[in-house]
Ligand SMILES: [Fe+2]
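Residue numbers (my numbering): 16 to 306.
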């Protein structure tokens, strides 16, 4: 049984059928990737000039903060910058509406974080192992601690040349966490306060955040794990959308260019079954509270 669960839902704004939203929440919370093969995001005819890696400054993607409207990571200025902001803003609103209709029980609790546009080709990109997203990993944010909240991400492949986005999807989080648990160490007392004072983190890095960062690194650095752990290859075609708890689902983006992504944070008590969340699993493995 694969980790990808396909649903027929094909609208950014319409309510999901009772069947679809029952399947969606259960599949997501079981650690599956929810795949919507019939849900393309229409980038509009006026955005073709934005589809180039040349628009990036130093980072691998351009970001959009829906709270402030600020666009980052790009060299664009003036009117093209405004159009890039509008593209990501429209995607951000669409992803928000989609999450509201597929996961009605999350609707009042979920928090919208940043969106991104990723116009660079993944395959062949030179980077350090820690930043190399072609290695299986779970997501964890060094500067923005989630403090136990779930990371839910909506992705849409908007490749104009109809090229797929190719992922490897890893095995059960519980198995991965158990494999590395002995190597994950509790942060030294006072370190969270220091990181915050030095503005390395925007808020307090909880022990959970510290362990998840270590897990991200341990997974990426372990060549045997990369090659031999349970995994499957998945191609997400251009014009498709997919959703996953990327703090739980091991993933590696192997190839592809032009993707839109929206990140959400979900408080643990908004889940239907928080027992299998990374926080609860790590707490059981470490025998202590982590937030
Ligand atoms: Fe990732």
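Backbone N, C-alpha and C define an ideal beta-carbon position, used for all residues, glycine too. Remember, it's a predicted structure, so these values are computed and weren't measured experimentally.
Per DSSP, what are the beta-bridge partners of residue 250 in this structure? 181
Are the beta-carbon atoms belonging to residue 166 and residue 262 less than 7 Å from one another? yes
Just to confirm, does residue 29 get its C-beta within under 6 Å of one of the non-hydrogen atoms of ligand 1? no
Among 297, 253, 298 and 292, which has the Cα closest to the Cα of residue 51? 253
Starting from residue 30, trace the beta strand (DSSP E) in both directions and tell me its first and last residue. From DSSP, residue 30 is part of no beta strand (DSSP E); its letter is neither H nor E.
So, is the C-beta of residue 202 closer than 7 Å to a C-beta in chain C? Chain labels in this structure do not include chain C; a single protein chain is all it has.
Nearest-angstrom Cβ-Cβ length linking residue 276 and residue 133, presumed shorter than 8 Å: 7 Å
For residue 211, which option in 136, 159 and 24 has the closest C-alpha, if you only look at C-alpha atoms? 159
Taking the DSSP output, what are the residues bridged to residue 167? 260 and 279
Which ranges does the beta strand (DSSP E) cover as unbroken runs of at least 3 residues, wholly within the region 88 to 165, from first to last along the chain? 126 to 133
The alpha helix (DSSP H) that contains residue 225, what's its start and end? 222 to 236
Using a Cβ-Cβ cutoff of less than 6 Å, which residues in the same chain neighbour residue 27 once the five nearest sequence positions on both sides are dropped? 109, 112 and 113
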